[in-house]
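Structure first, then comments.
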Amino acid sequence: LDSDFGGLEAMYTALSDEYLLLRRHRKFGMFIMCCILVIACLPTVTNGGNYVVQYLDKFSTGPALMFVVMMEAIAASWVYGINNIVYDIQLHLGFQPNYFFRFTWKILCPVIVTLLIIFSLISPDELKYRNYLYPSWSIIFGWCFNMTLILPIPIIIIYVFIRYSDSEKSLKERIYSLFVPTITKQRLKRQLEKRSTFVVS
């Protein structure tokens with residue numbers, strides 16, 4: 017049970033950052049989210065619940081989720097830039113991470129995740145639990161469900177490209193503008209200085 021608190025908190029924090037109404041009604045929002053998750057997990061406690069758990073274990077954490085992790089690593093270390101990350105950490109914590117962490121974030125992490133994706137794709141698709149062999153249609157459905165994790169990435173890229181790019185620029189310039197950080201070091205420093213000021217009564 018304790019391992020669920022972190023995931024639940026992460027989901028609710030992401031939603032409350034986007035929808036401020038959830039932040040104002042945190043207790044009620046958390047209650048509704050817990051109720052939804054309990055209902056969604058009911059099939060796992062039935063007589064065939066072990067088969068459902070094995071199925072979800074196979075297809076809910078597959079190559080698609082690792083692809084999302086790889087895109088996050090690339091976006092942070094290569095698009096936003098490892099130097100900007102180092103600067104942000106120094107600004108917040110007062111010290112810079114050493115070169116081992118920079119190498120891990122920029123090179124090692126994307127390479128390892130890419131290898132994991134390749135190995136998971138070439139592994140056999142046959143799913144078996146005890147003496148039960150899952151039907152082929154369930155494997156196809158599982159892969160389709162797995163791929164839905166990737167869909168938000170191209171959808172948001174297209175949405176941002178249409179909504180926020182300058183139509184007067186060339187196509188190359190509009191695409192390039194999608195991969196440029198919108199906040200500068202000076203602006204970030206000003207925001208942090210403004211937030212750090214407080215009044216002691």
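Numbered by my numbering, the letters in the sequence shown go through residues 17 to 217 in order. Just so you know, even glycine gets a beta-carbon here, dropped at the ideal spot from N, CA and C.
Burial check for V129: the Cβ neighbour count within 10 Å reaches 16 or more, so the residue is buried. According to the DSSP secondary-structure assignment, Y96 is paired through a beta bridge with no residue.
The DSSP assignment places 79–90, 98–109, 115–119 as complete runs of the alpha helix (DSSP H) inside the region 72–137, in order along the chain (cut-off: 4 residues). Within the DSSP secondary-structure output, L53 pairs in no beta bridge. In this structure, P79 places its C-beta atom within 9 Å of the C-beta atom of S136.
By the criterion of at least three beta-carbon pairs nearer than 8 Å, the region 115–129 is not in contact with the region 164–183. Inter-segment contact for the region 47–67 and the region 105–112 is absent: fewer than three beta-carbon pairs are separated by less than 8 Å. Taken through DSSP and simplified to helix, strand or coil, L167 comes out as coil. For the pair G158 and F83, the CB atoms are not nearer than the 9 Å cut-off.
Beta-bridge partners assigned by DSSP to L149: K144. DSSP, reduced to helix, strand and coil, places F195 outside both helices and strands of the structure shown, so it counts as coil.
If you look at L37, you'll find it in the alpha helix (DSSP H) that goes 36–40.
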